[in-house]
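Trainee: Before anything else, here's the structure in question.
There are 4 protein chains.
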Amino acid sequence: MSTPTSERPESGTVVHLTSGANKDVARDGRASRAEKIREQRRRELLDVALHVFAQRGYHHARIADIIDAAGVARGTFYLYFESKNAIFHALLDDLLGRVRASVVGVSMGTNAPPVNVQIRESVERVLAAFVASPDLTRVVLREAVGLDAEVDKKLADFYARLHRWLADALENGARLGLLRVANGELAAWAVLGTIKQMVQLLVDGTEDERAQRPTITAAAEAILDYSMLGLAPR
Amino acid sequence: MSTPTSERPESGTVVHLTSGANKDVARDGRASRAEKIREQRRRELLDVALHVFAQRGYHHARIADIIDAAGVARGTFYLYFESKNAIFHALLDDLLGRVRASVVGVSMGTNAPPVNVQIRESVERVLAAFVASPDLTRVVLREAVGLDAEVDKKLADFYARLHRWLADALENGARLGLLRVANGELAAWAVLGTIKQMVQLLVDGTEDERAQRPTITAAAEAILDYSMLGLAPR
Amino acid sequence: MSTPTSERPESGTVVHLTSGANKDVARDGRASRAEKIREQRRRELLDVALHVFAQRGYHHARIADIIDAAGVARGTFYLYFESKNAIFHALLDDLLGRVRASVVGVSMGTNAPPVNVQIRESVERVLAAFVASPDLTRVVLREAVGLDAEVDKKLADFYARLHRWLADALENGARLGLLRVANGELAAWAVLGTIKQMVQLLVDGTEDERAQRPTITAAAEAILDYSMLGLAPR
Amino acid sequence: MSTPTSERPESGTVVHLTSGANKDVARDGRASRAEKIREQRRRELLDVALHVFAQRGYHHARIADIIDAAGVARGTFYLYFESKNAIFHALLDDLLGRVRASVVGVSMGTNAPPVNVQIRESVERVLAAFVASPDLTRVVLREAVGLDAEVDKKLADFYARLHRWLADALENGARLGLLRVANGELAAWAVLGTIKQMVQLLVDGTEDERAQRPTITAAAEAILDYSMLGLAPR
DNA sequence: AATGAATGAGTATTCATTCAT
DNA sequence: GATGAATGAATACTCATTCAT
Chain A
3 MSTPTSERPE
13 SGTVVHLTSG
23 ANKDVARDGR
33 ASRAEKIREQ
43 RRRELLDVAL
53 HVFAQRGYHH
63 ARIADIIDAA
73 GVARGTFYLY
83 FESKNAIFHA
93 LLDDLLGRVR
103 ASVVGVSMGT
113 NAPPVNVQIR
123 ESVERVLAAF
133 VASPDLTRVV
143 LREAVGLDAE
153 VDKKLADFYA
163 RLHRWLADAL
173 ENGARLGLLR
183 VANGELAAWA
193 VLGTIKQMVQ
203 LLVDGTEDER
213 AQRPTITAAA
223 EAILDYSMLG
233 LAPR
Chain B
3 MSTPTSERPE
13 SGTVVHLTSG
23 ANKDVARDGR
33 ASRAEKIREQ
43 RRRELLDVAL
53 HVFAQRGYHH
63 ARIADIIDAA
73 GVARGTFYLY
83 FESKNAIFHA
93 LLDDLLGRVR
103 ASVVGVSMGT
113 NAPPVNVQIR
123 ESVERVLAAF
133 VASPDLTRVV
143 LREAVGLDAE
153 VDKKLADFYA
163 RLHRWLADAL
173 ENGARLGLLR
183 VANGELAAWA
193 VLGTIKQMVQ
203 LLVDGTEDER
213 AQRPTITAAA
223 EAILDYSMLG
233 LAPR
Chain C
3 MSTPTSERPE
13 SGTVVHLTSG
23 ANKDVARDGR
33 ASRAEKIREQ
43 RRRELLDVAL
53 HVFAQRGYHH
63 ARIADIIDAA
73 GVARGTFYLY
83 FESKNAIFHA
93 LLDDLLGRVR
103 ASVVGVSMGT
113 NAPPVNVQIR
123 ESVERVLAAF
133 VASPDLTRVV
143 LREAVGLDAE
153 VDKKLADFYA
163 RLHRWLADAL
173 ENGARLGLLR
183 VANGELAAWA
193 VLGTIKQMVQ
203 LLVDGTEDER
213 AQRPTITAAA
223 EAILDYSMLG
233 LAPR
Chain D
3 MSTPTSERPE
13 SGTVVHLTSG
23 ANKDVARDGR
33 ASRAEKIREQ
43 RRRELLDVAL
53 HVFAQRGYHH
63 ARIADIIDAA
73 GVARGTFYLY
83 FESKNAIFHA
93 LLDDLLGRVR
103 ASVVGVSMGT
113 NAPPVNVQIR
123 ESVERVLAAF
133 VASPDLTRVV
143 LREAVGLDAE
153 VDKKLADFYA
163 RLHRWLADAL
173 ENGARLGLLR
183 VANGELAAWA
193 VLGTIKQMVQ
203 LLVDGTEDER
213 AQRPTITAAA
223 EAILDYSMLG
233 LAPR
């Protein structure tokens, strides 16, 4: 296997489980090892595929590119993924799952941090989840739309969920007198649009543009400043 | 030729006029007639292609689909467009051009309308330019990203231009004390993100979602309300 | 196009129709010519495919073999036949159709030839229909069974039809006192088995076996002698 | 291992005997046990393969189908059979061998049963040999022809042998004045065709056709009646 | 002996584009 | 201009077989 991009930090997160008490695990250390190797290869293929998709785009990426880069035989690819489409879905699920996990509700407990701080952190977390895998984010943002019905549905669901979360948050804020919201649904879409644009900014850009890219913190700051205070002088 | 969707308002304007008396156009009536017919066919092909792209997506759309729907021979297609890619570019240019044209600077003349009115109208015009061709907008938004380097460049330029326009406007507003702008560039991206999202909202959506779609005016209203006033109570 | 086997005598039989009065045919001599060329190519491909199937067997025959032998581009093949399977079906239909057409009922008219003569001629005609295209017969007999469900059905129908014809014939003969038939259905199968074996004999065989192959007449003779008189002395 | 069809009567005869006391077989009890187990597995694989071939046909049958059904690892298959082709050959040899064994010459001894009885029994034995393994017979009849050169040769030899046997029998019969034979060779082929057709009848057929299938005795009866007496009234 | 992960040769089919008529 | 038959490059996927453990 060659060494591909491997931008994914959580590549190994799933593996380190067998460390504690493992009396019954002795049973099939063999099996578990095989499992580990299998998982590694899967990750390798995912990483390589991501790289290839990023370079050539989904449609121009050939299975041959992936297996060549991974140093794996043709059939091996299909041992791990059903199809070219399937590996894209795996990548997509990966990103969407991670972003979803980064979204948490605002806690209203007495010793909870101030609401505005919570919100800022929430936004930062979401941005960070995307930016942690810029290639993946770029690939998903660029290639996923219109790929196939299932992908479309996944994306629609994903955005609908984010939208729901935002709309609920806005409504809560309004109820508490913290926010002034005319049309919660539309406003939530507006916020989502802002966030999406910032993600793109954080992740896209040619070489030289990348230099003047905002930091995650700056981007979150901008989102909140813009969303909360608006552009009109106060 | 069959009769396709033809969502484009200017689509039919040139059409079926040349039948009557054309004596005085003797100069080059022949040539001009041919020219007109040619233009008509071109439009027809564009309309049909848009329809096909909207139905099946760019990648799944076959030239055969287009010529079948247009009732035109295979070779004829290539008399009007260099390639499948070229007709997409034509469609893309069409939309981007129209939107670009809808963007006008804010006039500072003494008898010009109030600035906020001008801005509102500007935003509405942009939204309207997209919404005038919802299929086309949807196709461009869904299929254009990542299609090929040239398309990418066109889109990047287009958005960069919109961004520039917004950034300048914000800067002007700030200079005049009309706007409170911390980071003009970022803020402009934020506004652009909001607009893009609203366009998508106006143009996307399943059948039942379409019912609760905002009107252009409401969308523009939401954009301005959100952008100007922000969500925090004033 | 190269020159393949072309064992098929009726290759041109479908074409010679436009000879008589053709006032209205003037309309589209172009179209009819195109039609003719098309039909020729189709035949050419069928002939070549038969040759290839005969050489390598259906499963080992590659489309590449066929188009190489036909001197035709890959796509051209699919202009004429939907798939490799489809061209086999066309071949199969060809043979079965021809054999079916060779089967005629026995005429009972007063000035009709004697029944036994009619039967002999009928059997000879069937044998001749097979033997006229020995390669095709061999291919169908060798490759068709178990190829796919549809082929199986066609063959089953074909044999069922032959069986029906024989069974009816036997029954008629029995009614007229010309035949002694214990179990008409079984007897018909027995006759069919005899015929099939003879067809195989006429069509199969290695080079040197081919020398001692019976003639069609001898084979028909044998079939009738055996079927009618049996092996026991009379 | 799973439990497959196992239509073969001798399939289980060798099985599960070796569990009890095997002290006195100390010589090579180990080896013989291993041998027995091996043989058992081989049979199991043959049975399963036959089942799979019967269901999907040789070409559509995958090794995966066989090992899945047999509950055996991939490599294990190749410990018992060289290839997919090899297991088919084993099956084929099985059937042909059994049928060959069922063919015995007519005894002319003084206290031998009457010749006609012997013949009838011979035919019945052959039919029974086929019908004892209807699936296998069907598979061999459907899939073997045209599979590969070696299979073809085996079948040709097999039929040639049957033909020889029949031809000799006819000749003998003729010499003894028991039979009236014009062309012994051809007549033998005719009889063989009749037999083959009856075997097919006995073994083939859809569910409802199976009901009206003749018994072996009836089929043998039909063969002899038809072959000996012919269809013409005596 | 048994396992099953890995291999890689093999191929039917699609479809954008061309060009002779 | 218009036609549509012909082209052929391009590629995902299957599955029998191998071999290290």
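Residue numbers (this note's numbering), protein chains in the order written: chain A, 3 to 236; chain B, 3 to 236; chain C, 3 to 236; chain D, 3 to 236.
For every residue, glycine included, the Cβ atom is placed at its ideal position computed from N, Cα and C.
Bear in mind that the values here come from a model prediction, so they are computed numbers and not experimental data.
#1: What residue from T139(A), Y82(A), A192(A) and K155(A) has the CA that sits closest to L97(A)'s CA?
#2: Relative to the alpha-carbon of D170(B), which residue among L204(B), V183(B) and D159(B) has its alpha-carbon at the smallest distance?
#3: Out of E173(B), L178(B) and L143(B), which has the shortest C-alpha to C-alpha gap to Y161(B)?
#4: Going by C-alpha to C-alpha distance, which of T217(D), N87(D), L203(D) and R43(D) sits closest to A158(C)?
#5: Count the other C-beta atoms from every protein chain shown that fall within 10 angstroms of the C-beta of E211(D), then say buried if there are 16 or more, exposed otherwise.
#6: With a Cβ-Cβ cutoff of 8 Å, do R44(A) and Y82(A) count as a contact?
#7: Please tell me whether A23(C) has its Cβ less than 8 Å away from any Cβ of chain D.
#8: Can you tell me the Cβ-Cβ gap for A189(C) and L172(C), rounded? I've got them flagged as a contact below 8 Å.
#9: Distance, Cα to Cα, G232(A) vs M230(B)?
#10: Applying a beta-carbon distance threshold of less than 7 Å, which residues of chain D neighbour D227(C)?
#11: Can a CB atom of chain D be found closer than 8 Å to the CB of P115(C)?
#12: Can you give me the C-alpha to C-alpha distance between L164(B) and G207(A), rounded to a whole angstrom?
#13: Going along chain D, which residues have a C-beta under 7 Å from T196(C)?
#14: Residue range of the alpha helix (DSSP H) that S124(A) falls in?
#15: For the alpha helix (DSSP H) that contains M200(D), what are its first and last residues?
#16: Is V74(B) near F132(B), with beta carbons less than 8 Å apart?
#17: What three-state label does DSSP hand M230(B) in the structure shown?
#18: Grouping DSSP H, G and I as helix and E and B as strand, with all else coil, what is F83(B)?
#19: How is the alpha helix (DSSP H) around D154(C) delimited, first residue to last?
#20: Residues in the same chain with beta-carbon distance under 6 Å from R76(D), minus the five sequence neighbours each way, listed in chain order, please.
#21: Of all Cβ atoms in chain C, is any one closer than 8 Å to the Cβ of L48(D)?
#22: For A72(C), name the three-state secondary structure that DSSP assigns.
#23: Does DSSP classify T217(B) as helix, strand or coil?
#24: Any beta carbon of chain B sitting closer than 8 Å to that of V27(A)?
#25: Check whether the Cβ atoms of V117(C) and V108(C) lie closer than 8 Å to each other.
#26: Decide if E37(A) is buried, meaning its Cβ has at least 16 other Cβ atoms within 10 Å, or exposed.
#27: Below 9 Å on C-beta distance, what does A189(D) contact in chain C?
#28: What does the Cβ neighbour count give for I39(D), buried or exposed, with the cut at 16 atoms within 10 Å?
#29: Could you tell me which chain B residues have their CB closer than 7 Å to the CB of E145(A), listed as they occur along the chain?
#30: Per DSSP, what kind of secondary structure is P136(A) in: helix, strand or coil?
#31: Please name the residue in D49(B), V125(B), N113(B) and P115(B) whose C-alpha comes closest to that of D227(B).
#32: Can you list, in chain order, the residues of the segment 154-187 of chain D whose Cβ is nearer than 8 Å to any Cβ on chain C?
#33: Cβ closer than 9 Å: which chain A residues qualify as neighbours of G59(B)?
#34: What's the C-alpha gap between V105(D) and E223(D)?
#35: Within the same chain, show all residues whose beta-carbon is closer than 8 Å to that of L181(A), passing over the 5 residues directly before and after it, in chain order.
#36: Out of A151(D), L194(D) and R177(D), state which residue places its alpha-carbon closest to the alpha-carbon of R58(C).
Mentor: A quick look at the data gives this:
#1: Within the first sequence, numbered from 1, the residue matching residue 97(A) stands at position 95. Here the closest residue by C-alpha is T139(A).
#2: By one-based count along the second sequence, residue 170(B) stands at place 168. Among L204(B), V183(B) and D159(B), the Cα nearest to that of D170(B) belongs to V183(B).
#3: Position 159 of the second sequence, counting from 1, holds the residue named residue 161(B). With distances taken between Cα atoms, Y161(B) lies closest to L143(B).
#4: Translated into the one-based positions of the third sequence, residue 158(C) becomes position 156. Ranking T217(D), N87(D), L203(D) and R43(D) by Cα distance to A158(C) puts L203(D) first.
#5: Here residue 211(D) is taken as the residue at index 209 of the fourth sequence, counted from 1. So E211(D) ends up on the exposed side.
#6: As a working mapping, residue 44(A) is identified with position 42 in the first sequence. As a working mapping, residue 82(A) is identified with position 80 in the first sequence. Their beta carbons are under 8 Å apart, which means R44(A) touches Y82(A) by this criterion.
#7: Taking the third sequence and counting its residues from 1, one reaches residue 23(C) at position 21. Here the model assigns A23(C) a pLDDT of 47, short of 50, so the residue's position is not dependable, and the following value carries that caveat. Taking Cβ atoms only, chain D never reaches closer than 8 Å to A23(C), which makes this a no.
#8: Within the third sequence, residue 189(C) is the residue found at index 187, counting from 1. Within the third sequence, residue 172(C) is the residue found at index 170, counting from 1. Between L172(C) and A189(C) the Cβ distance is about 6 Å, and since that is below 8 Å, they are a contact.
#9: Translated into the one-based positions of the first sequence, residue 232(A) becomes position 230. Translated into the one-based positions of the second sequence, residue 230(B) becomes position 228. Each residue's Cα considered, the two are about 5 Å apart.
#10: Here residue 227(C) is taken as the residue at index 225 of the third sequence, counted from 1. Result: A184.
#11: Residue 115(C) sits at position 113 when you count from the first residue of the third sequence. False, the Cβ-Cβ gap to chain D never drops below 8 Å.
#12: One-based indexing of the second sequence puts residue 164(B) at position 162. One-based indexing of the first sequence puts residue 207(A) at position 205. Taking the straight line joining both Cα atoms gives about 16 Å.
#13: Numbered from its first residue, the third sequence carries residue 196(C) at position 194. Neighbours of T196(C) on chain D, chain order: A192, G195 and T196.
#14: Residue 124(A) sits at position 122 when you count from the first residue of the first sequence. That run of the alpha helix (DSSP H) goes V117 to V133.
#15: Against the fourth sequence, residue 200(D) aligns to sequence position 198. Boundaries of the alpha helix (DSSP H) harbouring M200(D): G186 to V205, taken from the DSSP string.
#16: Within the second sequence, residue 74(B) is the residue found at index 72, counting from 1. Within the second sequence, residue 132(B) is the residue found at index 130, counting from 1. Annotated as distal: V74(B) and F132(B), with beta-carbon spacing of 8 Å or more.
#17: For the purposes of this step, residue 230(B) is identified with residue 228 of the second sequence, where counting begins at 1. Judged by DSSP in its simplified three-state form, M230(B) adopts helix.
#18: The count along the second sequence starts at 1 and reaches residue 83(B) at position 81. In the structure shown, F83(B) sits in coil (DSSP, three-state: anything other than H, G, I, E or B).
#19: If you number the third sequence from 1, residue 154(C) lands on position 152. First-last of the alpha helix (DSSP H) with D154(C): A151 to R177.
#20: Taking the fourth sequence and counting its residues from 1, the one referred to as residue 76(D) is at position 74. The answer, listed in chain order, is I69.
#21: Position 46 of the fourth sequence holds residue 48(D). Chain C contact via Cβ: absent.
#22: Numbered from its first residue, the third sequence carries residue 72(C) at position 70. Correct three-state label for A72(C): helix.
#23: For the purposes of this step, residue 217(B) is identified with residue 215 of the second sequence, where counting begins at 1. Three-state DSSP puts T217(B) in coil, outside helix and strand.
#24: Along the first sequence, read from residue 1 onward, the residue named residue 27(A) stands at position 25. The predicted position of V27(A) is uncertain, since its pLDDT is 46 and thus under 50; no value can be drawn from it.
#25: In the third sequence, residue 117(C) corresponds to position 115, counting from 1. In the third sequence, residue 108(C) corresponds to position 106, counting from 1. Yes, they are a contact pair.
#26: Locating residue 37(A) in the first sequence gives position 35, where the first residue counts as 1. Burial check for E37(A): the Cβ neighbour count within 10 Å stays below 16, so the residue is exposed.
#27: Looking up residue 189(D) in the fourth sequence gives position 187. A224, D227, Y228 and L233, listed in chain order.
#28: Locating residue 39(D) in the fourth sequence gives position 37, where the first residue counts as 1. So I39(D) counts as exposed.
#29: Taking the first residue of the first sequence as 1, we reach residue 145(A) at position 143. Here the neighbours are G148.
#30: Locating residue 136(A) in the first sequence gives position 134, where the first residue counts as 1. Three-state result, P136(A): helix.
#31: The residue given as residue 227(B) occupies position 225 in the second sequence. Here the closest residue by C-alpha is V125(B).
#32: L172, G175, G179, L180, L181, R182, V183, A184 and N185
#33: Within the second sequence, residue 59(B) is the residue found at index 57, counting from 1. Correct list: G148, L149 and D150.
#34: What you label residue 105(D) is simply residue 103 of the fourth sequence in a count that begins at 1. What you label residue 223(D) is simply residue 221 of the fourth sequence in a count that begins at 1. Each residue's Cα considered, the two are about 17 Å apart.
#35: On the first sequence, position 179 is the one that residue 181(A) refers to. Around L181(A): L172 and G175.
#36: Translated into positions along the third sequence, residue 58(C) becomes position 56. Minimum Cα distance to R58(C) is reached at A151(D).
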